[in-house]
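The next block holds one structure in the form of structure tokens; read it before the comments.
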Amino acid sequence: MGIQNLLRFMRPFIEPVHIKKYSGKRVGIDAYSWMHKGAYSCSMELCLGSQCDVAKRYLKYFMHHINLLRHYNVIPVVVFDGGNTPSKSATEDERHRRREANLVQANEKLKEGDVGVAVEFFRKAVQITPSMAHQLIQILRSESVEFVVAPYEADAQLAYLATLEADQGGITAVITEDSDLIAYGCKSIIFKMDRFGNGEEFLMDRIFSAVTEGLSFKHFDKEMFTGMCVLAGCDFLPSIPGIGTKRAYSLVSKYKNLDRVLSVLKLDKKYRVPEDYSDSFGKAIAIFHHARIYDVETKALKHLKPLEQKYLQYLNGDLDLLGPELPSSMAAAIAEGNLNPITMEAFNQTPAAESCAAFDHIDKNESQTSSAEESCITILSDLSRNQDIIAIDEISLDKNKYMKEALALTKLIAPSRCNQEVENKVEWKEIPKNNPFKKRKLENQQQERQNITESASVLTNVEQAGTVWSQVSQESVESKPMKKLLIDKQEISKKARSRNGRSNAKSERNGILKFFRRL
DNA sequence: ATACATTGCTCCT
DNA sequence: GCAATGTAT
Numbered sequence: 001m002g003i004q005n006l007l008r009f010m011r012p013f014i015e016p017v018h019i020k021k022y023s024g025k026r027v028g029i030d031a032y033s034w035m036h037k038g039a040y041s042c043s044m045e046l047c048l049g050s051q052c053d054v055a056k057r058y059l060k061y062f063m064h065h066i067n068l069l070r071h072y073n074v075i076p077v078v079v080f081d082g083g084n085t086p087s088k089s090a091t092e093d094e095r096h097r098r099r100e101a102n103l104v105q106a107n108e109k110l111k112e113g114d115v116g117v118a119v120e121f122f123r124k125a126v127q128i129t130p131s132m133a134h135q136l137i138q139i140l141r142s143e144s145v146e147f148v149v150a151p152y153e154a155d156a157q158l159a160y161l162a163t164l165e166a167d168q169g170g171i172t173a174v175i176t177e178d179s180d181l182i183a184y185g186c187k188s189i190i191f192k193m194d195r196f197g198n199g200e201e202f203l204m205d206r207i208f209s210a211v212t213e214g215l216s217f218k219h220f221d222k223e224m225f226t227g228m229c230v231l232a233g234c235d236f237l238p239s240i241p242g243i244g245t246k247r248a249y250s251l252v253s254k255y256k257n258l259d260r261v262l263s264v265l266k267l268d269k270k271y272r273v274p275e276d277y278s279d280s281f282g283k284a285i286a287i288f289h290h291a292r293i294y295d296v297e298t299k300a301l302k303h304l305k306p307l308e309q310k311y312l313q314y315l316n317g318d319l320d321l322l323g324p325e326l327p328s329s330m331a332a333a334i335a336e337g338n339l340n341p342i343t344m345e346a347f348n349q350t351p352a353a354e355s356c357a358a359f360d361h362i363d364k365n366e367s368q369t370s371s372a373e374e375s376c377i378t379i380l381s382d383l384s385r386n387q388d389i390i391a392i393d394e395i396s397l398d399k400n401k402y403m404k405e406a407l408a409l410t411k412l413i414a415p416s417r418c419n420q421e422v423e424n425k426v427e428w429k430e431i432p433k434n435n436p437f438k439k440r441k442l443e444n445q446q447q448e449r450q451n452i453t454e455s456a457s458v459l460t461n462v463e464q465a466g467t468v469w470s471q472v473s474q475e476s477v478e479s480k481p482m483k484k485l486l487i488d489k490q491e492i493s494k495k496a497r498s499r500n501g502r503s504n505a506k507s508e509r510n511g512i513l514k515f516f517r518r519l
């Protein structure tokens with residue numbers, strides 16, 4: 001979450017930048033932000049624990065960005081989040097609860113057959129797991145990309161690396177989406193970097209020297225600045241109701257001392273300051289200054305900055321708030337990606353070569369695979385929207401394995417059966433505008449009508465799917481275009497009822513989905 | 001004027 | 001998660 005509204009507040013100091021500016025430099029990457037964006041395109045597959053190639057799209061997305069940096073001669077240093085800090089566990093729990101709730105709703109909608117709505121919930125439910133990070137780490141290893149798993153917060157680790165010289169393993173800038181890096185005092189941050197390398201640059205020096213749109217931090221020091229960030233509301237401590245970035249800035253500007261700001265706030269009747277606010281405030285400040293990080297040189301935990309007495313007193317000696325101490329061997333195993341930082345269990349050692357091969361495989365085949373899966377999802381989604389008829393676009397068949405699977409899938413849903421009667425029943429429903437996949441179909445609708453030569457009944461259960469699959473596997477599939485296929489939803493229900501009495505369209509869909517996941 | 005709540009979007013077929 | 005927009009204080 002970062003600091004509420006901080007990025008918008010800092011906009012006057014943020015300028016466009018291209019990653020090539022950092023050519024020849026080491027640049028840190030907040031792995032979470034790219035993984036989260038990458039996971040957006042395969043959230044359902046990830047939530048359902050699918051092992052299919054679509055579920056690995058986040059890896060492809062990530063590596064695309066890594067390769068972009070390398071193309072511009074930028075040296076990537078990937079930093080992963082580690083364990084949860086005690087002070088953040090409240091917000092983490094809340095986030096986790098919301099994700100779980102979304103997952104429940106997603107599964108419900110899926111059962112109801114409303115895949116479109118289910119996907120919406122899956123997107124809100126998807127979370128980046130240590131296992132996903134581990135999969136990525138194996139690819140990074142095989143590609144010789146430097147990485148480190150922070151003992152706790154990646155932000156703190158990145159801020160620490162940004163204080164080191166390059167020859168000590170330091171980085172010149174950080175690529176992230178999280179405004180916390182500003183609060184940690186990172187000198188150079190690139191936000192919102194796109195797939196071409198364009199981003200928005202924040203330079204700490206710029207805010208302390210320039211005056212823009214009436215905003216000036218010239219008389220601010222680092223401590224006042226961190227204080228302003230915490231006042232505005234951070235993950236460790238929500239802001240006092242009524243205080244945001246602007247008031248936090250004015251208060252710190254005016255009183256130039258954090259203790260005075262807190263006293264003024266307590267006396268001001270406009271604000272209801274919680275009893276323990278000053279206490280929590282000190283702790284939050286202490287974390288931003290001294291959070292525990294991993295030192296690659298000594299292979300042990302360290303503090304972001306050497307501890308200072310004034311912050312120690314806020315903590316009442318409770319250094320665990322900065323992230324509990326860990327034995328060096330454990331910290332090293334976590335940092336090197338061999339130990340799950342949350343469960344503290346060793347990761348299953350999948351040979352790097354295998355993982356690498358898996359990745360090559362996605363690269364080459366993803367477009368074909370996804371067209372098959374996309375078809376299936378579109379089918380499911382259409383069924384759920386009570387459309388009577390859906391069409392599968394031309395699927396050309398060749399010797400490629402994935403095309404065979406597409407054929408199997410297609411046969412599962414619509415075994416060839418020329419049937420003029422069914423064709424006449426075809427009704428073209430309006431296609432939802434938000435799905436370009438279907439939009440294209442709408443454009444081709446007229447032509448499609450003419451091309452229809454095969455139509456539809458469906459198999460009704462997974463066992464039959466298995467039969468079709470084995471038949472298809474044995475067939476030698478020649479390269480030839482497949483005709484348009486149609487599915488009549490009423491046929492589905494009819495078939496389903498006749499075959500096993502109580503079966504309904506929902507179980508149909510689940511069967512299809514299950515079958516598809518096995519592919 | 002500022003803060004807070006709500007809605008839309010991140011992927012890229 | 002962030003940003004834009006609308007509403008409340």
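Everything in the first sequence is counted per full-length UniProt numbering, starting at 1 for the first residue and increasing by one.
The beta carbon of each residue, even a glycine, is placed where N, CA and C say it ideally should be.
Sub-8 Å separation of residue i and residue j beta-carbons
{"i": "valine 74", "j": "glycine 199", "result": "no"}
{"i": "phenylalanine 236", "j": "serine 89", "result": "no"}
{"i": "leucine 301", "j": "histidine 290", "result": "no"}
{"i": "proline 130", "j": "proline 306", "result": "no"}
{"i": "leucine 215", "j": "leucine 231", "result": "no"}
{"i": "aspartate 180", "j": "isoleucine 3", "result": "yes"}
{"i": "leucine 265", "j": "tyrosine 271", "result": "yes"}
{"i": "glycine 28", "j": "isoleucine 171", "result": "yes"}
{"i": "valine 174", "j": "leucine 158", "result": "yes"}
{"i": "histidine 71", "j": "tryptophan 34", "result": "no"}
{"i": "residue 520", "j": "glutamine 127", "result": "Past the boundaries of the shown model lies residue 520; the chain is included only from 1 to 519, so the question cannot be answered."}
{"i": "leucine 161", "j": "valine 78", "result": "no"}
{"i": "tyrosine 255", "j": "isoleucine 285", "result": "no"}
{"i": "glycine 185", "j": "methionine 204", "result": "yes"}
{"i": "glutamate 15", "j": "glutamate 308", "result": "no"}
{"i": "phenylalanine 288", "j": "alanine 150", "result": "no"}
{"i": "valine 119", "j": "methionine 224", "result": "no"}
{"i": "phenylalanine 191", "j": "glutamate 177", "result": "yes"}
{"i": "asparagine 338", "j": "alanine 346", "result": "yes"}
Endpoints, alpha helix (DSSP H) assigned at residue i
{"i": "proline 238", "result": "From DSSP, proline 238 is part of no alpha helix (DSSP H); its letter is neither H nor E."}
{"i": "proline 130", "result": "130-142"}
{"i": "glutamate 120", "result": "115-125"}
{"i": "leucine 307", "result": "Unbroken run through leucine 307: none, as it is neither H nor E."}
Among the options, nearest to residue i - alpha-carbon criterion
{"i": "histidine 134", "options": "Val252, Asp318 and Ala31", "result": "Ala31"}
{"i": "phenylalanine 9", "options": "Gly282, Ala248, Lys310 and Glu165", "result": "Ala248"}
{"i": "leucine 164", "options": "Glu45, Gln51, Ala183 and Glu297", "result": "Glu297"}
{"i": "alanine 166", "options": "Leu48, Lys25, Arg97 and Lys283", "result": "Lys25"}
{"i": "aspartate 221", "options": "Lys192, Leu258 and Ser188", "result": "Leu258"}
{"i": "glutamate 153", "options": "Lys109, Pro324, Asn348 and Ala346", "result": "Pro324"}
{"i": "alanine 333", "options": "Glu308, Glu100, Lys299 and Lys254", "result": "Lys299"}
{"i": "serine 209", "options": "Ile137, Lys218 and Ile19", "result": "Lys218"}
{"i": "tyrosine 61", "options": "Asn348, Asp318 and His36", "result": "His36"}
{"i": "phenylalanine 147", "options": "Phe122, Glu336, Pro274 and Glu275", "result": "Glu336"}
{"i": "phenylalanine 13", "options": "Leu136, Thr212, Gly49 and Ala331", "result": "Thr212"}
{"i": "tyrosine 58", "options": "Cys42, Leu68 and Gly49", "result": "Cys42"}
{"i": "lysine 124", "options": "Asp318, Ser142, Ala101 and Arg141", "result": "Ala101"}
{"i": "proline 241", "options": "Glu345, Asp114, Ile137 and Val273", "result": "Val273"}
{"i": "valine 104", "options": "Phe122, Ile243, Asp93 and Gly113", "result": "Phe122"}
{"i": "methionine 344", "options": "Ser50, Asn84 and Val54", "result": "Asn84"}
{"i": "tyrosine 277", "options": "Gln168, Gly227, Val54 and Arg95", "result": "Gly227"}
Opposing strand residues paired with residue i [DSSP bridges]
{"i": "valine 230", "result": "Paired residues: none, contrary to the question."}
{"i": "isoleucine 14", "result": "Phe202"}
{"i": "histidine 219", "result": "According to DSSP, histidine 219 bridges with nothing at all."}
{"i": "alanine 346", "result": "Leu339"}
{"i": "valine 211", "result": "Ser216"}
{"i": "aspartate 295", "result": "Ala300"}
Residue i beta carbon near the ligand NAP (any heavy atom closer than 7 Å)
{"i": "isoleucine 293", "result": "This structure lacks the ligand NAP; in fact it carries no ligand of any kind."}
Residue i: first and last residue of the uninterrupted beta strand (DSSP E) it sits in
{"i": "alanine 300", "result": "300-303"}
Inside the segment 145-193 only - alpha helix (DSSP H) runs reaching at least 4 residues: If one requires a minimum length of 4 residues, the alpha helix (DSSP H) runs lying completely within the segment 145-193 are 154-161 and 180-183, in chain order.
Scan the segment 239-293 and note each continuous alpha helix (DSSP H) run of 4 residues or more that stays entirely inside, going in chain order. DSSP runs (the alpha helix (DSSP H)) wholly in the segment 239-293: 245-255, 258-267 and 277-290.
Going along the chain, which unbroken runs of the beta strand (DSSP E) with 3 or more residues stay wholly within the UniProt domain "XPG N-terminal" (1-102)? Runs of the beta strand (DSSP E) inside the UniProt domain "XPG N-terminal" (1-102): 14-18, 26-30 and 75-80.
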